[in-house]
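Visitor:
2 protein chains.
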Amino acid sequence: MIAGIELGGTKTVVAIGTPEGKVVEEFRFPTTHPEETLAVAAEWLRARGTPGDICIAAFGPVGVVKGRENYGKILATPKAGWSDFSLTGALAEVFPEARYSIDTDVNAAALAEARIGAAAGLDDVAYITIGTGIGAGILSGGHLIHGSLHPETGHLKVPRHPEDTFKGVCPFHADCLEGLASGPAIAARWGKPADELPVGHPAWDMQAWYLAHGILSLLAIVSPEKVIVGGGVSQVAGLHEKINRLLVEIGAGYFPVLLTDGDYVVPPALGQEAGICGAFLLTGS
Amino acid sequence: MIAGIELGGTKTVVAIGTPEGKVVEEFRFPTTHPEETLAVAAEWLRARGTPGDICIAAFGPVGVVKGRENYGKILATPKAGWSDFSLTGALAEVFPEARYSIDTDVNAAALAEARIGAAAGLDDVAYITIGTGIGAGILSGGHLIHGSLHPETGHLKVPRHPEDTFKGVCPFHADCLEGLASGPAIAARWGKPADELPVGHPAWDMQAWYLAHGILSLLAIVSPEKVIVGGGVSQVAGLHEKINRLLVEIGAGYFPVLLTDGDYVVPPALGQEAGICGAFLLTGS
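Those protein sequences? They're chains V and S, same order as listed. Following my numbering, the numbering of the first sequence begins with 1 at its first residue and continues without gaps. Following my numbering, the numbering of the second sequence begins with 1001 at its first residue and continues without gaps.
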């Protein structure tokens, strides 16, 4: 039996599935305190058997490189009670024999979209999610990128849109990508939340401009074959097309991968299942 | 016998060495037309034996992913005669039995600095070179990053220095990192070449500012444990210290790897030997 857990900031998914990324049965519940959240997941699993593998896709920052002291732990976070909490440690008290795999929720989603989703068959894929924050998971040459921690693409500095005077909402960097293009940034700049801004609102041209510049940075550094843009703030009609048009314009003929059919940036194919599907694809990693 | 070839824009190095990156004997000569350049290298090698492995570190764009149609070829380049020239093809006419490995000169240099140089022992390292152009090689989790092509970090868009009105020299993007911080950009902005600008000239504060912003993008996307900055335009005294100070300032406490001893960005340890040493480290890849 293979277990998957997707630990999100507000909801957690626990499931049974296959190493090919297929969910057989799942249960969604609110993320609360760490001990309680992991106990709910463990209890749901124990009622179904004893998993040989437990694969975790977690919000960050989280230690995901085997052999490092912080492996399996949530690192310094403003989320009350979670800093330094060991996810694998808590689960190992219930399932001491299981093999554990862990990565970020966005890396898991990138892996799922690259194996069975919108970028199926590609080994160089970036997945960006735009919501309360901005995050990215990156598969490069078939390997998920971690580095000294893991990508923090939301905190990328991008040029400013020439007509944008909004100072940005990131408490660390003010006008990084997340500070200028996350859901809270859009709401603060335009005075209403993204889902109340109609398709033709100038907010979406500016949003496409910032996302295109962030994606150009990904292209210059890791050269993905395809970029998936998902998350709550990406669902307005026409946003992906706008980003593709701007990328061709600002890439200025330099990046061969952009000179295709305008489908470099695409929406996710797996929707809200990408994280949990990706957790199963981490089996044995 | 293991052969290494570093093919640069103006000079080529051919050498015999070890898979640990040690050069036993080398010969440097000017890069001319492709057939002639490769013939000089092959002749020098043939006088010394028949290499079982030939490892190439080449200027880009170049096809470096095994199995792709463009593997071993120089791709579209303004360098006369080189577009679509197969490096491995030309050498295989002389040494048909050899095993070939190929990567970019900057990836080879990154690998050398990570194995036997300024970042020895680390698996997540970026190497940036600043000269006529700007390029980067990136080792991530022990794997060199290629993606759909290979990193083109020089063409990263960065915010503009608030006091900089220079429009930039990149023929594609004007004010990308290379357009604002390469040797030709510095010469055009300040009216004299970088090596004539004294240590206290304001050019160097602006240069550090642009490099710090480019490195912050690398940090947000691939999270290197250490960044090596080399190349002709990086050799002015104090530049690396300036970049480190700025990175701590603009990182604003968010990136744990910056909260160390101010030695996140360092000069190369292998100098102009990094590329050829790195070629040998590609043996069997």
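Cβ coordinates follow ideal geometry from the N, Cα and C atoms, glycine included.
Which residue spans inside the region 1125 to 1184 of chain S form an unbroken alpha helix (DSSP H) run of at least 4?
Guide: Entirely contained in the region 1125 to 1184 of chain S, the alpha helix (DSSP H) runs reaching 4 residues are, in chain order, 1177 to 1181.
Visitor: Can you tell me whether A98/V is helix, strand or coil according to DSSP?
Guide: Three-state result, A98/V: coil.
Visitor: Give the range of the alpha helix (DSSP H) segment to which R1028/S is assigned.
Guide: R1028/S -> not in any alpha helix (DSSP H); beta strand (DSSP E) instead, spanning V1023 to P1030.
Visitor: What first and last residue would you give for the beta strand (DSSP E) that runs through A1058/S?
Guide: Taken as a continuous stretch (DSSP letters only), the beta strand (DSSP E) holding A1058/S covers D1053 to A1058.
Visitor: Starting from G191/V, trace the beta strand (DSSP E) both ways and give me its first and last residue.
Guide: Counting along the chain, G191/V falls outside any beta strand (DSSP E), and DSSP gives it neither H nor E.
Visitor: Excluding five sequence neighbours on each side, which residues of the same chain lie with their C-beta closer than 7 angstroms to the C-beta of R1189/S?
Guide: Hits under 7 angstroms: F1166.
Visitor: Cutting at 6 angstroms between CB atoms, please list the residues of its own chain near K242/V, excluding the five before and the five after it.
Guide: The residues are A208.
Visitor: Is the beta carbon of A58/V closer than 7 angstroms to that of L7/V?
Guide: Yes; because the gap between Cβ atoms is below 7 angstroms, this pair is in contact.
Visitor: Tell me where the alpha helix (DSSP H) around L1216/S begins and ends.
Guide: P1202 to V1222 is the extent of the alpha helix (DSSP H) around L1216/S.
Visitor: Note down, in chain order, all residues in the region 1147 to 1165 of chain S with a beta-carbon under 9 angstroms from any beta-carbon belonging to chain V.
Guide: Flagged, chain order: G1147, S1148, L1149, H1150, P1151, E1152, T1153, G1154, H1155, L1156, K1157, V1158, P1159 and R1160.
Visitor: Just to make sure I have the definition right: I need the residues of chain V whose C-beta is within less than 9 angstroms of the C-beta of P1256/S. Which are they?
Guide: Chain V residues near P1256/S: P61, L75, A76, S148 and L149.
Visitor: Answer yes or no: does any C-beta atom of chain S fall closer than 7 angstroms to that of G141/V?
Guide: With 7 angstroms as the cut-off, G141/V counts as an interface residue toward chain S.
Visitor: Taking beta-carbon pairs under 9 angstroms, can you tell me which members of the region 1234 to 1263 of chain S lie near chain V?
Guide: For the region 1234 to 1263 of chain S, which is checked against every Cβ of chain V, the residues closer than 9 angstroms are I1250, G1251, A1252, G1253, Y1254, F1255, P1256 and V1257.
Visitor: Pick from T1050/S, Y1254/S, G1183/S and I1276/S: whose alpha carbon is nearest that of I1130/S?
Guide: Nearest C-alpha to I1130/S: G1183/S.
Visitor: Under the assumption that H1161/S contacts Y1210/S (Cβ atoms under 8 angstroms), give the Cβ distance between them as a whole number of angstroms.
Guide: Contact holds; Cβ gap of about 7 angstroms.
Visitor: Taking all protein chains shown into account, decide if P78/V is buried (16 or more other Cβ within 10 angstroms of its Cβ) or exposed.
Guide: Its Cβ having fewer than 16 others within 10 Å, P78/V is exposed.
Visitor: Roughly how many angstroms separate the alpha carbons of A1047/S and L1281/S, rounded to a whole number?
Guide: Cα-Cα distance, rounded: 23 angstroms.
Visitor: Taking G1284/S and R1028/S to be in contact with their CB atoms under 8 angstroms, please state how far apart those CB atoms are, rounded to whole angstroms.
Guide: That pair is no contact at about 25 angstroms.
Visitor: Would L1247/S and A1212/S be called neighbours here (beta carbons separated by less than 7 angstroms)?
Guide: Yes. Within cutoff.
Visitor: Please report the distance separating the alpha-carbon of Y1127/S from that of Q235/V.
Guide: Spanning the two alpha carbons is a distance of roughly 38 angstroms.
Visitor: Only counting the same chain, and skipping five residues up and downstream in sequence, which positions put a Cβ closer than 7 angstroms to that of G1004/S?
Guide: Once the five neighbours on either side are set aside, the close Cβ partners of G1004/S are A1015, G1017, C1055, I1276, A1279 and F1280.
Visitor: Taking 6 angstroms as the limit between beta carbons, can you name the residues of its chain near I74/V, skipping five residues before and five after?
Guide: V62, W82 and F85, listed in sequence order.
Visitor: Taking 7 angstroms as the threshold (C-beta atoms), are D124/V and P224/V in contact?
Guide: For P224/V and D124/V, yes; Cβs fall inside 7 angstroms.
Visitor: Going by CA-CA distance only, name the one from V1040/S, S1148/S, G1262/S and F1095/S that's closest to D1053/S.
Guide: Here the closest residue by C-alpha is F1095/S.
Visitor: List the residues of chain S that P224/V touches, going by C-beta distances under 9 angstroms, in chain order.
Guide: Simply G1147 and S1148.
Visitor: Sorted by chain position, which residues of the same chain lie with C-beta nearer than 7 angstroms to A146/V's C-beta, five sequence neighbours on each side aside?
Guide: One point to set straight first is that residue 146/V is His, not Ala, in the sequence displayed. For H146/V, where only same-chain residues beyond five positions count, the Cβ hits under 7 angstroms are V64 and V65.
Visitor: Measuring alpha carbon to alpha carbon, tell me which residue in G1117/S, P1051/S and T1088/S is nearest E1069/S.
Guide: The candidate whose alpha carbon is nearest that of E1069/S is T1088/S.
Visitor: Give me the residue from I221/V, T153/V, R245/V and G251/V with the minimum Cα distance to C176/V.
Guide: The option with the nearest alpha carbon to C176/V is T153/V.
Visitor: If we ignore side chains and look at the alpha-carbon of each, how far apart do A109/V and I221/V end up?
Guide: So the alpha carbons of these two residues sit roughly 20 angstroms apart.
Visitor: Where does the unbroken beta strand (DSSP E) through G17/V begin, and where does it stop?
Guide: From DSSP, the beta strand (DSSP E) with G17/V extends over K11 to G17.
Visitor: Starting from K226/V, follow the beta strand (DSSP E) in both directions and report where the run begins and ends.
Guide: Counting along the chain, the beta strand (DSSP E) containing K226/V begins and ends at K226 to G230.
Visitor: Taking all protein chains shown into account, do 16 or more other C-beta atoms lie within 10 angstroms of the C-beta of A1237/S, making it buried, or fewer, making it exposed?
Guide: Classification of A1237/S: exposed, given that the 10 Å Cβ count is below 16.
Visitor: Would you say A181/V faces chain S, with C-beta separation under 7 angstroms as the test?
Guide: False, the Cβ-Cβ gap to chain S never drops below 7 angstroms.
Visitor: Given that F1172/S touches chain V, what residues does it touch there, using C-beta distances under 7 angstroms?
Guide: Simply A252, G253 and Y254.
Visitor: So I2/V is in the beta strand (DSSP E); what residue range does that whole segment cover?
Guide: Run containing I2/V: I2 to L7, per the beta strand (DSSP E) assignment.
Visitor: Of the residues that make up the region 35 to 66 of chain V, which ones have a beta carbon closer than 7 angstroms to any beta carbon in chain S?
Guide: Here the close residues number zero.
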